[in-house]
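Below: one structure, written as structure tokens.
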Amino acid sequence: MKVRLGTTEIGLARYLGLWGVVAVVFAVQGYMRDDLGGHTWSMFDYLRWAAIQWYTWALLAPQVFRLGLHYPLRLPLRRQSIGWLLLASVGFTFLALLIGAVVSTLFEPSGLAEQWRQFLGQHGATGMLTCWALFAIQQAMQFQQEKSRRELEAGRLASELAQSRLQVLRTQLQPHFLFNTMHAIATLLHEDTPSAEAMLLRLSDLLRAFLEECQGQEISLRQELVLLDLYLGIQRTRFKDRLDTRIYVAPDTPDCAVPSLILQPIVENAIQHGIGKRVGPDCIEIESRREGDTLCIEVRNRNSTLSAAATSSPGHGIGLSNTALRLHELYGGDADVRLDMLWPQGVACRLRLPFREMEASDDAPEVASS
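This is the structure:
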């Protein structure tokens with residue numbers, strides 16, 4: 042069985058026990074006060090008097106809390122609310138004194154009038170203070186509950202906002218990638234129809250795999266590399282023997298969590314600024330390794346250069362700028378992306394993010410490389 046105090050429920054035994062502690066404290070106080078005056082009654086009498094006084098308030102407290110819910114004290118203070126609470130405190134105190142006097146007549150030889158005078162003289166002021174203390178406790182509990190509710194709501198809204206921003210960032214990549222791929226297919230339709238058809242089939246496989254694998258913001262590196270290999274297959278069809286790809290995966294990294302579709306825009310950027318603009322062959326290398334609590338992923342190409350202005354920024358173009366924003370939303374300052382020049386020629390995009398393993402997918406296909 043529970044007692045309801047406003048919007049809070051408390052077990053009956055615990056509730057009665059708390060008021061019992063109050064009664065014992067006031068009983069001991071009354072005994073010590075009378076002992077200093079030179080005249081005392083038995084300790085049982087003090088406990089009985091205190092129990093009648095405070096368990097009466099235990100009976101009335103739920104109603105006091107309920108009234109406090111209807112007339113909360115909020116800034117700026119309103120006269121109407123204060124007026125109702127003042128009248129209510131007088132009424133509750135009068136009722137508590139009357140109940141105490143009636144119950145006391147069952148144990149004392151004096152009549153109701155005498156008990157009323159004693160309760161009014163000894164407990165009138167204490168009763169008013171008790172009533173206002175209950176109002177204050179109810180207001181404090183209500184304030185704390187409202188504060189907790191608002192914090193939870195603010196946390197939920199912040200989480201939803203972050204998820205929305207991440208979803209926008211991720212969906213920005215898909216039209217960008219599709220536009221570039223479809224443009225390449227349209228170009229090949231007039232030059233190499235079989236290759237264009239092969240690219241369409243690989244694009245279909247990639248989109249199907251992406252829809253199946255990328256349901257959340259993070260997937261395993263193993264799954265990410267499967268998606269990347271499908272994308273690289275499209276690019277190998279486009280550039281034929283000019284493009285070579287190599288993937289180096291440390292044994293302890295395939296099951297690490299990475300943002301979904303994080304590598305494709307970086308590899309696309311490397312191809313676009315390398316073999317896409319320069320004559321001659323190119324080699325795209327993807328490497329993953331663990332450094333303490335950090336997962337390091339590098340995407341390198343050997344047929345491009347990096348200007349001094351670009352090295353001072355986390356990326357250039359929609360791919361890398363989007364990657365930097367996604368990493369910041371997901372990991373804050375624990376992740377970063379940067380571009381570095383390679384010697385004698387080439388560019389490396391280096392990702393650093395927290396090392397955290399995910400459960401490996403049993404039906405994930407093996408990563409292929411060429």
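All letters in the sequence shown, in the order written, are residues 42 to 411 by our numbering.
C-beta atoms are modelled at their ideal positions from N, C-alpha and C, and glycine is treated no differently.
Just how far apart, CA to CA, sit residue 375 and residue 399?
What you label residue 375 is simply residue 334 of the sequence shown in a count that begins at 1. What you label residue 399 is simply residue 358 of the sequence shown in a count that begins at 1. Residue 375 and residue 399: Cα-Cα distance of roughly 18 angstroms.
With the cut-off set at 8 angstroms, would you say residue 279 and residue 240 are in Cβ contact?
Here residue 279 corresponds to residue number 238 of the sequence shown, with the count starting at 1. Here residue 240 corresponds to residue number 199 of the sequence shown, with the count starting at 1. It is a contact, given that the beta carbons lie within the stated cut-off.
First and last residue of the alpha helix (DSSP H) that includes residue 73?
The residue given as residue 73 occupies position 32 in the sequence shown. 53-78 is the extent of the alpha helix (DSSP H) around residue 73.
Restricting to runs no shorter than 3 residues, where is the beta strand (DSSP E) found entirely within the stretch 96-170?
none
Cβ shell of residue 246 (< 7 angstroms), same chain only, five flanking positions each side left out
On the sequence shown, position 205 is the one that residue 246 refers to. Contacts found: 271.
If residue 396 sits next to residue 334, beta carbons under 8 angstroms apart, how far is it from one beta carbon to the other, in whole angstroms?
Start at 1 with the first residue of the sequence shown, and residue 396 comes out as number 355. Start at 1 with the first residue of the sequence shown, and residue 334 comes out as number 293. Indeed they touch by this definition, with Cβ atoms about 5 angstroms apart.
Take the Cβ of residue 234 as the centre, count every other Cβ of all protein chains shown within 10 Å, and call the residue buried at 16 or more, exposed below.
If you number the sequence shown from 1, residue 234 lands on position 193. It is exposed - the Cβ of residue 234 has fewer than 16 other Cβ atoms within 10 Å.
Taking C-beta to C-beta, are residue 242 and residue 268 nearer than 8 angstroms?
Sequence index remark: in the sequence shown, residue 242 carries index 201 (1-based). Sequence index remark: in the sequence shown, residue 268 carries index 227 (1-based). Contact: no.
Bridge partners - residue 230, DSSP secondary structure assignment
Mapped onto the sequence shown, residue 230 falls at position 189. BP columns for residue 230 are empty, so no partner.
Can you tell which of 168, 109, 69, 195 has its C-alpha closest to the C-alpha of residue 180?
On the sequence shown, position 139 is the one that residue 180 refers to. The residue with the shortest Cα to Cα distance from residue 180 is 109.
DSSP beta-bridge partners of residue 49
As a first step, residue 49 is located in the sequence shown; it is residue number 8 there, counting from the start. In DSSP, residue 49 forms a bridge with 46.
Could you check what DSSP says for residue 307 in three-state terms: helix, strand or coil?
Stepping through the sequence shown from its first residue, residue 307 is reached at position 266. In this structure, residue 307 counts as helix in the three-state DSSP scheme.
Contact between the stretch 77-86 and the stretch 54-61 (3+ Cβ pairs under 8 angstroms)
no
Three-state secondary structure (DSSP) of residue 11:
Look at the range of the chain in this structure, 42 to 411, and you will see that residue 11 is not part of it.
What would DSSP say about residue 178, mapped onto helix, strand or coil?
Counting from 1 along the sequence shown, the entry for residue 178 is found at position 137. The answer is helix: DSSP assigns residue 178 an H, G or I state.
Can you tell me whether residue 145 is buried or exposed? The criterion is at least 16 other CB atoms within 10 Å of its CB, across all chains shown.
The residue you call residue 145 lines up with position 104 of the sequence shown. Buried.
What do you reckon, are the CB atoms on residue 380 and residue 347 nearer than 8 angstroms?
Start at 1 with the first residue of the sequence shown, and residue 380 comes out as number 339. Start at 1 with the first residue of the sequence shown, and residue 347 comes out as number 306. For residue 380 and residue 347, yes; Cβs fall inside 8 angstroms.
Exposed or buried, residue 184, counting other C-beta atoms within 10 Å across all chains shown (16 or more means buried)?
Working through the sequence shown from its first residue, we reach residue 184 at position 143. Answer is exposed; the Cβ neighbour count stays below 16.
Tell me which residues share the same chain as residue 236 and place their Cβ nearer than 6 angstroms to its Cβ, disregarding the 5 neighbours each side in the sequence.
To locate residue 236, count along the sequence shown from 1; it is residue 195. 229, 278, listed in sequence order.
Do you know offhand how far residue 73's Cα is from residue 125's?
In the sequence shown, residue 73 corresponds to position 32, counting from 1. In the sequence shown, residue 125 corresponds to position 84, counting from 1. Straight-line Cα distance between these residues: approximately 37 angstroms.
Based on Cα-Cα distance, which residue from 219, 91, 101 lies nearest to residue 163?
Against the sequence shown, residue 163 aligns to sequence position 122. Comparing Cα-Cα distances from residue 163 to each of 219, 91, 101, the minimum goes to 91.
Taking only three categories from DSSP, how would you classify residue 399?
Taking the first residue of the sequence shown as position 1, residue 399 is located at position 358. Looking at residue 399 - three-state DSSP - the assignment turns out to be coil, as it is neither helix nor strand.
When the Cα atoms are used, what is the spatial distance from residue 76 to residue 70?
For this step, residue 76 is matched to residue 35 along the sequence shown. For this step, residue 70 is matched to residue 29 along the sequence shown. Their backbone Cα atoms lie some 10 angstroms apart in a straight line.
Have a look at residue 106 and residue 66 and give me their C-alpha separation to the nearest angstrom.
Position 65 of the sequence shown holds residue 106. Position 25 of the sequence shown holds residue 66. Between residue 106 and residue 66, the C-alpha separation is close to 23 angstroms.
Counting only the same chain and skipping the five closest in sequence on each side, list residues whose C-beta sits under 6 angstroms from that of residue 42.
Stepping through the sequence shown from its first residue, residue 42 is reached at position 1. Same-chain partners within the cutoff: 53.
For residue 332 versus residue 289, is the C-beta spacing smaller than 8 angstroms?
The residue you call residue 332 lines up with position 291 of the sequence shown. The residue you call residue 289 lines up with position 248 of the sequence shown. Result no, Cβ atoms of residue 332 and residue 289 do not sit closer than 8 angstroms.
Identify the residues that DSSP records as bridge partners of residue 26: which are they?
Since the first and last residues shown for the chain are 42 and 411, residue 26 lies out of range.
Going straight from the alpha carbon of residue 143 to that of residue 160, what length do you get?
Working through the sequence shown from its first residue, we reach residue 143 at position 102. Working through the sequence shown from its first residue, we reach residue 160 at position 119. Cα to Cα, the separation comes out at about 10 angstroms.
Quick one, which of 313, 224, 384 has its alpha-carbon nearest residue 361's?
As a working mapping, residue 361 is identified with position 320 in the sequence shown. For residue 361, the nearest C-alpha among the options comes from 313.
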